[in-house]
Structure formats: structure tokens, C-alpha cells
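Chains as they are written, first to last, in our numbering: chain F, 5 to 651; chain S, 311 to 509. Using N, Cα and C, we set each Cβ at its ideal position, and we do this for glycine too. Owing to the predicted nature of the structure, the values given are computational and were not obtained by experimental measurement.
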């Protein structure tokens, strides 16, 4: 399907290309006569472009095809890889199984071999035992022979002993004459015989025991030896099994490989069956297999070629990358240069324009001059003008140079000024530093003074007894003299207060009671008789006082009324030494005369009152001239009386 | 005592200073008339005749304080000793005899420092105390005295002792007197008295 789609795209592009080719042909044909040379050129260029486009399209299509084929190849490759991996997994599993089986078989073989070895060892031991037994047997045989010989000797000895006994009997019967030799021999033999017999007896007993043991051993060995052929048979069997197992192992490996190959073939066959729905004939299968193989080979070749091309392309790319970077850098540099050149070109063009304008202007001027001065010669004028122009140029140049020099001077001066300014600023800084130093000095002095003051204050504080509560505390004994003294003082004061209170109470009671008090006070009370007498005296004195007062009052009152009636004036003492006289015939109640006593002699002076102002004539006459108060007073009464009676 | 020693130890120095305080306080009490003169008896100390009280209660009080002070001198925790004279009627503090103590803990035993020189210095201090009485104002009212000790804040206060205020004089005049040193303890003396209205 992808191929079909690709083909359609290819066809479509071809169609479009053809259409493109056809269209410009017509257009070119139509427009040929109109444009002429340029038309042909355009045609040609267009044709070239079209061909290029066609080539591009073709290459593009090829690329597409190739990419598609590559994708397909990759897909099939992947599939093949996956299948291969599956096969590999299965084969690995089979391998594992076979390996395990192999191991088990090997183990069995080893065990059998061990058994064989053990059997061999046992056999050898048995053989050795056999040999040993045989040796023993022979030794025993020898011993037995020896014993027989010894027994024979013993028989002979017994015979001798019998003979000796017979001889002894004979000796006993016969006296000792013939057989002294024999007797000596016989005696010797008789002496030795019991020893020899005992020794031989022991030996024989020992040999008997040994023989009995050996016979037992021989019996065991016989039983074991009887087992030998069985062991040999077992060994033979194991060896045969071993060879068999080894053969089977080899066969196993061969079979495994065969199975693997067959399985692969099977799978391939199954795949072929799945992929292609063709008749299951062996020829078709073989053909298909061949085709598939060929395809596989082709694909692999293509894959390789593509890979190689990719690698080559990548290498070329990597090689080209630095070149590209270099080229980019160069291009940038070239661009910059070009820009600079462009700017230069612009400037030059501007200059050229200016110059051309100037030239044109000059030319115009010259032409105008020339037109004005038609008959005159041009050359001297021109020469003059040229000279003038040259002079102007020179002036301008000198001016330029002067300006340049001035500029440079100005720059130098500016530089020098800058230096100076820096110097000044430095100096200024220095000045600043000096100022700062002075300020700091003054501050220091102030701080020193403050420090001194604070130290003095601290000293004072210390002298007065102050302390830092954070670091020190003040303690004293609770029972110290001051507190004791204060306590005593307060106690005394309390005692005195209490006494005072008691005395006061006592006094009150005494005053109230007036008799013997039963208070438990320590005061000595005077006898009551005196008190009563004194009280009586007091009372009488008071009575007297009272009476005297009353009498005095009465008398005074009488006297005053008499004075008023007789003299006609009521005399009141308002203030100390001041006497107010009010007349009987006064018109108003307030009318009064005030007199002041000036000395102890009894002289009086009249004080100014409202009423006295009305009597100025009388005052002048009687007081100032006549200097008599009674006359004045009587004159006043007469005056008042006359006033009253008249009205 | 420590006459035979060539140098001074911390313990010896503490004893010297405590002894000085004992006699000094007695002198002050006698000179200022805090206690009646007939309750004092003459003794010889520092090659001069000094007054010592015979009042049992006062003696007991002084020994209590001086013994505790000796301990604290040994520990170098005491900073000042003050004799405060209070008027009983007005409860005003009239005089303050203050002795500042500086303790040099990094002491070493010098051979130059001798008992005789220290004695000479103590003598001059006590003489000066006696001399100051001439310009101190008269104590007309009945007065009592108290001993205050300025110590380090973290000192453990024994049972019978309690914290008190500094009992400063309101409007005081101060006079610095002589000092003496035992190279381990240095004692600076000064007296502060209440300014009278006439001055």
C-alpha cells in the first residue's frame, strides 16, 4: 500500500512536471517574437530551471523510494531479529536443559567411577588379604610341620623317658655299675626334660591359639574371597554402563544440534506457510524458501549498503561541519567587510556627488564667465581663476591645518586640565583628609573630656557607695546594731505611748471620779480633803466673780443712762481709744461724733465724720479757737435742739 | 603570727586584713562616740595604742562579721566593707566609712614584701582615721552603726545574713583616705558624710 501511495505521488509529480514543461513552452512560444533576445534567454533559463526542478523531483522521489525501502528493510530486519531472539531464547533454554542433563549424567558417571574404584580397592585389599592369608597358611603349615617334628621328638623323648624310667627301675633293682654313663646322660636328660617339656608345652599351646585365630581369620577371608567374583562382575557392569553413557552423551549433543536445526527449519516453514497461502508442495516450498532466502540476502545487502552509505554520509557530515563553521565565520567576516566597504562606498559616493556638484557648479560658473566674456581670451582668465582657486585651496588647507593644531592643543590642554583637576581633586581630598583629621582630633578631645567626666562621676559614685547590681550585692547580718537599736527605739516608743495612754485614762477617771480610784497605777494621789476645800474655794470665787460682774453691769448701765440723760450724748466705745457720741436731738440715727483719745492724759481729738462736716462753724469756733470740747458739745446740742424745736 | 614568714600567703593576707578591719571598726566606733567611751579599753596593736570594746554583744557581733569576712577574703569574693552610721531619731544615714578591697588572685610569694611594711601602712591608715574626726560634723543625736559587705552576685548568702540596700547618704561629701596593700589584698579607705546646712 505504501508502494502504491508512493507510486501515486510519483505519478502526480511527473504529471505536474509535464504540465509545467508544457505550459512555459507555450508561453515561451507565444512571447518569443515580442521580447526577442531576452525572451530566448528567459526561455532557456526557464528550461534550465524546469530541468533542475525535474531533477530535484526525481531525486526526491528516489529518496522517498529508498527511504520507504529502507523502512521496510528495517521492519523485516526487526522482525527477523525478534524471531532470531526468540529462537535464541528457546535454543538457550534447550541448551540449559541439555547442560543440566549432561551434568546429571556426568555426576552419575562420577559416582559409578567412584564405586568402581572402591570396588577395585576392595578387590585389591581382598587380594592382599588373600595373599596374607596364604602366607599365614604356609607359615602355619610350616609351624604345623615343626610341631609334628617336635611331637616326634617329644615321642622320642617320651620313649627315652620310658627307657629311663625302665632303666631307673632297673637301676634300683640293679646297683650302679654298668649304666653310669647312661645314668649320667639319662640324669642330664632327666633334669632337662621337664624344662624342655614345659617350654614345648607352652609353645604348643601358643601355636594352638594362633592356629585357632588363624583358622577363624581364614574362615572370614574365605567368605570375603567368595565375594570377589561378584565384585568383579559388578565392576564389569559399571564399566559397560559408563561406556554406554558416554556414547549416549555424544549422541545427545548430536541430536540436540539436529533438533535445533530442524526446529529452525520448522519455524521457517511455518512462517512461510503463514506468509504465503500457496499449495503445500515440496517444490513450491523449496522455491519459496529459495525466494525468501534470496530476498533476505538482497535485503541484507541493501541494509549493508544503506548502513555504509549512512556511515559515509555521517562521516562526510562530520567532516563538513567544521568546514561549514569556518565558512560561516568567513562569511560573517566577509559580510562585515562588505558592510564596511558598503559604508565606504556610500561615503565615497557622497563625496563624489559633492565633488561632481562642485565641478558642475564651477563649470557652470566658468561657462557663464565664458559666455559673458565672449571675445576675451579664456586662457589668462582661466589661469587667473585657477590661481584664485589654488589660493583658496591653500588658504583652506592652511586653515585646516591651523584648526587641527588648535584641536590638538585644545586636547592637550584638556588633558592637562584634567590632570590639574585630578591634582586639585587630590589636593581637595588631601584638604578633606586634613579636615577630617581635624574633626577627628576635636572629637577625640571631646571624647576624652567626656571620658574624664564619666570617670570622675564613676569615682564619685564609687566613693558614695554605689555599685553595679548585676555583679555585686550588699549583705549584712540580720542582727546588726542599727536594727537592734531601731527595734529598741520602737519598743521604747511603744512603751511610752502605752504609758501615756494609761496616764491619760487615769487622769480622766480621777477627774471624773474625784475620789479614791482603784486603778492599778503607780501615781501618788493627794488627799481628797484638800481637793474639796479647793473646789469650795473655787466655787465661792466663781460666785463672787459672777456677782461682781452683775453688779458692775448694773452700775455701768445706770451710769451710762445717767450720762445720756444729763449730757445729752450717748457715748459708745467703738474701737480702742475711739469714742462715738450720739446726740439726743440728732436728726438721723447715723449722725455721730467720733473722738480719739491721744494720750494717757485725757486729751481728745475730734475725728472727721459726715455729721462733723455739717458743723464746721462750730468746730472752728469752739475747738480751734476756744479749744474746749464741752463747749463744743453743748453748742452742738443747742444747735440740734434749736433745729428740732424750730421745725 | 606571720612575722616569722618571709613572704605572705593568701591565708596570711586574709588574716591581716581581717585584723585591720577589727581594730579599724573599733577605732571608728570609739572616735565617733557611737558607744560610750567607758565601754572601751586600751590595747596595743601595730605599735600604737588602740581602743577595743568590752561590750559583750558588740564583741560577739564583730567577731561574727569578721570571721565570715575572713573566709570571703580567702575566697576573694568580697569587694567592699562599709560602716554605716545612722541617726536613730530620723533614720537618716549620717556617715559611711567605705573600704574597697582588690584581690590579686594571681599572686606569687615575693620575699620583698614584709610584715613590717604592711604594718607601717596600716598604722598610717588608722592614724588618718583618727585625724579625720577633726573635720567630720558632730554626731549630736543617738546613732547606731551597721556593717555592710559588698560581694559577688553569685555568692551563697549564709543563714544569718540578708541582702540590704547600699544605704547611701543623701547629699554627701566624700574624702579619700590612705590605702594599704599586702600584695594579695589591697584596701582603699574613704569616708562619706552628710553635708550639714551650715557648710
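Distance between residue 613 of chain F and residue 585 of chain F, taken at the CA atoms: about 11 Å.
Counted as a single uninterrupted DSSP element, the beta strand (DSSP E) harbouring residue 497 of chain S occupies residues 495-504. Nearest in C-alpha terms to residue 440 of chain S, of all of S/467, S/479, S/488, is S/488. Per DSSP, reduced to three states, the secondary structure at residue 483 of chain S is strand. Using a Cβ-Cβ distance cut-off of 8 Å, the segment 542-561 of chain F and the segment 572-582 of chain F are not in contact, since fewer than three pairs of beta carbons, one from each stretch, lie closer than that value. Nearest neighbour of residue 493 of chain F by Cα position, chosen from S/468, S/453, S/480, turns out to be S/453. Contact between the segment 452-468 of chain S and the segment 466-478 of chain F is present: 3 or more CB-CB pairs across the two stretches fall below 8 Å. Spanning the alpha carbons of residue 432 of chain F and residue 415 of chain S requires a straight line of approximately 56 Å. DSSP lists F/479 as the beta-bridge partner residues of residue 473 of chain S. Contact fails between the segment 74-84 of chain F and the segment 204-213 of chain F, because fewer than three Cβ pairs, one in each stretch, are under 8 Å apart. When the alpha-carbon of residue 483 of chain S is set against those of S/425, S/324, S/446, S/380, the nearest one is in S/446. By the Cβ criterion, the segment 122-136 of chain F is in contact with the segment 226-235 of chain F, since at least three pairs of Cβ atoms, one from each stretch, lie closer than 8 Å.
Each of F/205, F/101, F/403, F/17 was checked against the Cα of residue 260 of chain F, and the nearest Cα belongs to F/101. Taken in chain order, the members of the segment 492-517 of chain F whose beta-carbon sits within less than 8 Å of a beta-carbon on chain S are 493. Partner residues in the beta bridge of residue 608 of chain F, as assigned by DSSP, are F/601. Residue 349 of chain F has its alpha-carbon roughly 10 Å from the corresponding atom of residue 355 of chain F. Going by DSSP, residue 358 of chain S is part of the beta strand (DSSP E) stretching over 358-363.
Between the C-alpha atoms of residue 341 of chain S and residue 467 of chain F there is a straight-line separation of about 21 Å.
Measuring C-alpha to C-alpha distances from residue 386 of chain S to each of S/494, S/505, S/371, S/438 identifies S/494 as the nearest. With a threshold of 8 Å between beta carbons, residue 361 of chain S makes no contact with chain F. Spanning the alpha carbons of residue 641 of chain F and residue 550 of chain F requires a straight line of approximately 39 Å. Within chain F, the residues 481, 482, 483 have their CB atoms less than 8 Å from the CB of residue 470 of chain S, given in chain order. For residue 455 of chain S, the chain F residues whose Cβ falls inside 7 Å of its Cβ are 485, 486, in order along the chain. Within the model, the alpha-carbon separation for residue 439 of chain F versus residue 446 of chain F is close to 11 Å. Between residue 393 of chain S and residue 350 of chain S, the gap from beta carbon to beta carbon reaches 8 Å or more. The contact set of residue 385 of chain S on chain F, defined by CB atoms closer than 8 Å, is empty, because the minimum CB distance reaches about 14 Å. Three or more pairs of CB atoms, one per stretch, sit closer than 8 Å, so the segment 469-478 of chain S contacts the segment 481-489 of chain F. Ranked by how close their Cα comes to the Cα of residue 581 of chain F, the residues F/602, F/622, F/49 have F/602 in first place. DSSP, reduced to helix, strand and coil, places residue 619 of chain F outside both helices and strands of the structure shown, so it counts as coil. Look at residue 474 of chain F: its C-beta is under 8 Å from a C-beta on chain S. At a cut-off of 8 Å between beta-carbon atoms, residue 467 of chain F makes contact with chain S. Sequence-ordered contacts of the segment 445-469 of chain F with chain S read 464, 466, 467, 468, 469 [C-beta pairs closer than 8 Å].
Per DSSP, residue 354 of chain S lies in no alpha helix (DSSP H); the unbroken beta strand (DSSP E) holding it starts and ends at 350-355.
Residue contact with chain F for residue 414 of chain S: absent (no Cβ-Cβ distance below 8 Å to any residue of chain F).
If you ignore the 5 residues before and after residue 112 of chain F, its C-beta comes within less than 8 Å of the C-beta of 249, all in its own chain and listed in chain order. Listed along chain S is no residue with a C-beta nearer than 9 Å to that of residue 583 of chain F; the closest approach is about 53 Å.
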